[in-house]
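Note that the working numbering gives residue 155 to position 155 of the sequence shown, counting from 1, and the numbers run on in steps of one. Ideal placement from N, C-alpha and C gives every residue a C-beta, glycine not left out. Working notes, beginning with the structure itself.
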Amino acid sequence: MTGFAALAGQPVIAGGGLAGLATALLMDRPCVLLSPAPLGRDAASALAQGGIAAAIGADDSVDLHVADTLAAGGGLCDPDAVAAIVGAGPEAVAGLRSLGVVFDLGADGKPDLHLEAAHSRPRIAHARGDGTGAEIMRALVARVRATPRITVIEGAALRRLILRDGRVAGVEIMRGGVVLALPTAACVIATGGVGALFPATTSPVGGQGMGLACAARAGAVLRDMEFVQFHPTALAGGPAGAPRALVSEAVRGAGAILVDETGARFTDELAPRDVVARAIEAHLAAGHQVLLDTRAATRGAFARHFPGIALACAARGLDPDRQPMPVRPAVHYHMGGIETDLNGRSTVPGLWACGEAASTGLHGANRLASNSLLEAFVCAGFVARDLDAVSLPMPRPVGEPAPDAGDGVGLADIHACLGRAAGILRDGAGLARAARALAPHVATDDRALVGAMLCLAALERRESRGGHYRTDYPRTAATAVHSRLTLARTLTMLADLSSGDLVSTPADGLTVP
Numbered sequence: 001m002t003g004f005a006a007l008a009g010q011p012v013i014a015g016g017g018l019a020g021l022a023t024a025l026l027m028d029r030p031c032v033l034l035s036p037a038p039l040g041r042d043a044a045s046a047l048a049q050g051g052i053a054a055a056i057g058a059d060d061s062v063d064l065h066v067a068d069t070l071a072a073g074g075g076l077c078d079p080d081a082v083a084a085i086v087g088a089g090p091e092a093v094a095g096l097r098s099l100g101v102v103f104d105l106g107a108d109g110k111p112d113l114h115l116e117a118a119h120s121r122p123r124i125a126h127a128r129g130d131g132t133g134a135e136i137m138r139a140l141v142a143r144v145r146a147t148p149r150i151t152v153i154e155g156a157a158l159r160r161l162i163l164r165d166g167r168v169a170g171v172e173i174m175r176g177g178v179v180l181a182l183p184t185a186a187c188v189i190a191t192g193g194v195g196a197l198f199p200a201t202t203s204p205v206g207g208q209g210m211g212l213a214c215a216a217r218a219g220a221v222l223r224d225m226e227f228v229q230f231h232p233t234a235l236a237g238g239p240a241g242a243p244r245a246l247v248s249e250a251v252r253g254a255g256a257i258l259v260d261e262t263g264a265r266f267t268d269e270l271a272p273r274d275v276v277a278r279a280i281e282a283h284l285a286a287g288h289q290v291l292l293d294t295r296a297a298t299r300g301a302f303a304r305h306f307p308g309i310a311l312a313c314a315a316r317g318l319d320p321d322r323q324p325m326p327v328r329p330a331v332h333y334h335m336g337g338i339e340t341d342l343n344g345r346s347t348v349p350g351l352w353a354c355g356e357a358a359s360t361g362l363h364g365a366n367r368l369a370s371n372s373l374l375e376a377f378v379c380a381g382f383v384a385r386d387l388d389a390v391s392l393p394m395p396r397p398v399g400e401p402a403p404d405a406g407d408g409v410g411l412a413d414i415h416a417c418l419g420r421a422a423g424i425l426r427d428g429a430g431l432a433r434a435a436r437a438l439a440p441h442v443a444t445d446d447r448a449l450v451g452a453m454l455c456l457a458a459l460e461r462r463e464s465r466g467g468h469y470r471t472d473y474p475r476t477a478a479t480a481v482h483s484r485l486t487l488a489r490t491l492t493m494l495a496d497l498s499s500g501d502l503v504s505t506p507a508d509g510l511t512v513p
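Structure, rendered in structure tokens:
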């Protein structure tokens, strides 16, 4: 790659979504931004419909937003993280506007604010109706391309972290089938979540947890891997293997109701996502259809309020103004990830993380709707500020890239394991079977490693909390405790599982009820 050697020593940001773009834009020093796809594509941020949650309404306050976030998080939110991130919400909206994002305005010229489930006030600032993510990405991509100190390498993905004396000394980058090694003392993982490891997801195909695997193989602690959020309302049907079209929380916030084939309502549409998703799953399992009826709520103007969803419906021959939409849950967000402090620092020196790949303490066991874009932008700013303040050592040669470890397991097999075992309803026997099936592949396959860590954390959490529901342990423990896993601990647990010794061995940091 022409000029690649000249980039040695610059911070490397892995990920082309909102978290990665914002980290690059909000720091002052030269940096390298890796985007596996052309910049702006295949990023979950671009698919975000609802908007960004921030206490900017006249009847709202940061304290109310904090309280709603803590209530949704099932006892596992970090109060300091919630206060810091939610407290920066109004500034985040202003910051995005300064970067060129055009938010929708009401008749009074102020931001038009939507209401979403589990929020006590309308506080969701949005753009293009339901096209907030696309609008944010449009603006930030343009800014990144116009910023000379940011070197963008498209078609490039983080392959491995190179360590020296226990800290980051370089990165291996895969581009066009070629692996390149770049010396650096600072890497930011902003690679998104794990949704594409499941058979039904709203996530883009790139969301396979590869950044989490790189962090784990470098020795980082991964926290709360078991907490997966299933969005209650994705459009049913669509091409096999393709991301499910999401029907935003804001549609229910606008008054749409969930009914079955008889027209009967069966749940509270504005309950937290995990509650609604389980209610829909149970109704489907009982042989019912589940439909989202917007006709009374939008009164013939659905496409004006939600143009992106209207297009997705039209592609399936649906007209929300005339008929209810068939919906079902799909994997939408991963609350767990690389454990970080409020500066975005992981447990490995020289490694930062932000966005969905990070576990900051904001979301706890169940993310509050539209807090994800907020976290991505605010925490990107925290990381950028921290990187500007640190002194990075001069780079040293890192040697030749390591050879491939061998063939891995197929994505269809990962789908089968996680779809059966780690869905909305889980039990110990299923989780154990899935972990055993993945165990032979974790040494050579990053997706198998992430899937196994998720199953092991879920197996050890013998309670139901937030997005994690065990049919064999349906009650919530009196004390909320985080789960923490490292690669070494994962390998030990898998060995114990094979020998039958795992049952009495709790994961690090998790007290089994």
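Item, Value
"Along the chain, where does the alpha helix (DSSP H) containing T490 start, and where does it finish?", "L487 to S499"
"Rounded to the nearest angstrom, how far is the Cβ of I52 from that of V93, given a contact under 8 angstroms?", "6 angstroms"
"Using a Cβ-Cβ cutoff of less than 8 angstroms, which residues in the same chain neighbour M137 once the five nearest sequence positions on both sides are dropped?", "G17, L18, L21, G40, A43, S45 and A46"
"To which residues of the same chain is L99 closer than 8 angstroms at the C-beta, ignoring the five residues directly before and after it?", "L25, A139, L140 and R143"
"According to the Cβ coordinates, are I309 and R223 closer than 9 angstroms?", "no"
"Give the secondary structure of P326 by DSSP, where H, G and I count as helix, E and B as strand, and everything else as coil.", "strand"
"Ignore the nearest five residues each way along the sequence and tell me which others in P401's own chain have a CB closer than 6 angstroms to its CB.", "E172, V179 and A181"
"Closest by CA to G263, which one among A443, S203, Q229 and P324?", "P324"
"How is the alpha helix (DSSP H) around P111 delimited, first residue to last?", "Taken as a continuous stretch (DSSP letters only), P111 belongs to no alpha helix (DSSP H), as it is neither H nor E."
"Would you list the residues sitting across from S359 in a DSSP beta bridge?", "E339"
"Counting only runs of 4+ residues fully inside the stretch 25 to 88, write out the alpha helix (DSSP H) ranges in chain order.", "44 to 47, 62 to 72 and 79 to 87"
"Could you say which of G253, F306, G170 and T201 lies nearest to C214 if we only look at CA atoms?", "G170"
"So the candidates are L459, F103 and A478; which of them puts its Cα closest to the Cα of L494?", "L459"
"Going by CA-CA distance only, name the one from P440, E116, E463 and E226 that's closest to P232.", "E116"
"Per DSSP, what kind of secondary structure is L510 in: helix, strand or coil?", "Residue placement at L510 cannot be trusted, given a pLDDT of 41 that sits under 50; the coordinates are not used to answer."
"Below 8 angstroms on the Cβ atoms is my guess for L76 versus A365; work out the distance and round it to an integer in Å.", "5 angstroms"
"Have a look at I424, P474 and T490 and flag the residue whose alpha-carbon is nearest the alpha-carbon of R436.", "T490"
"Could you check which residue in T340, H415, P320 and L497 has the C-alpha nearest to that of V383?", "T340"
"Could you spell out the range, first to last residue, of the alpha helix (DSSP H) harbouring D413?", "L411 to A421"
"Among R465, L70 and A55, whose alpha-carbon lies nearest the alpha-carbon of A478?", "R465"
"Identify whether L163 lies in helix, strand or coil by the three-state DSSP scheme.", "strand"
"From the DSSP output, which residues share a beta bridge with V465?", "The sequence shown places Arg at residue 465, rather than the Val named in the question. R465 pairs with H468."
"Thinking T184 and V168 are a contact (beta carbons under 8 angstroms), I'd like their distance in whole angstroms, please.", "7 angstroms"
"Within 8 angstroms, do at least three Cβ pairs link the stretch 146 to 154 to the stretch 351 to 358?", "no"
"Can you find at least 3 beta carbon pairs, one from the stretch 104 to 121 and one from the stretch 64 to 71, that sit closer than 8 angstroms?", "yes"
"Could you tell me which whole beta strand (DSSP E) segments of length 3 or greater appear in the stretch 135 to 216?", "150 to 154, 156 to 164, 167 to 175, 178 to 183 and 187 to 189"
"For the beta strand (DSSP E) that contains V259, what are its first and last residues?", "I257 to V259"
"Would you report the Cα separation of V32 and A190, rounded to the nearest angstrom?", "13 angstroms"
"What's the C-alpha gap between V348 and V442?", "21 angstroms"
"Whose C-beta lies closer than 6 angstroms to the C-beta of D321 among residues of the same chain, with five residues either side of it excluded?", "G300 and F302"
"By the three-class DSSP mapping on this structure, what secondary structure does D427 have?", "coil"
"What do you reckon, are the CB atoms on S521 and G336 nearer than 9 angstroms?", "Lying before the first or after the last residue shown, residue 521 is absent from the chain, which here runs from 1 to 513."
"Excluding the 5 residues preceding and the 5 following L291 in the sequence, name in chain order all residues of the same chain whose CB lies nearer than 8 angstroms to its CB.", "L258, V259, D260, E261, P324, M325, P326 and V327"
"Determine, using beta carbons only, whether G109 and A48 come nearer to each other than 9 angstroms.", "no"
"Buried or exposed: where does T23 fall if 16 or more other Cβ atoms within 10 Å of its Cβ makes it buried?", "buried"
"Rank L449, D413 and H468 by C-alpha distance to the C-alpha of G423 and give the top, closest one.", "H468"
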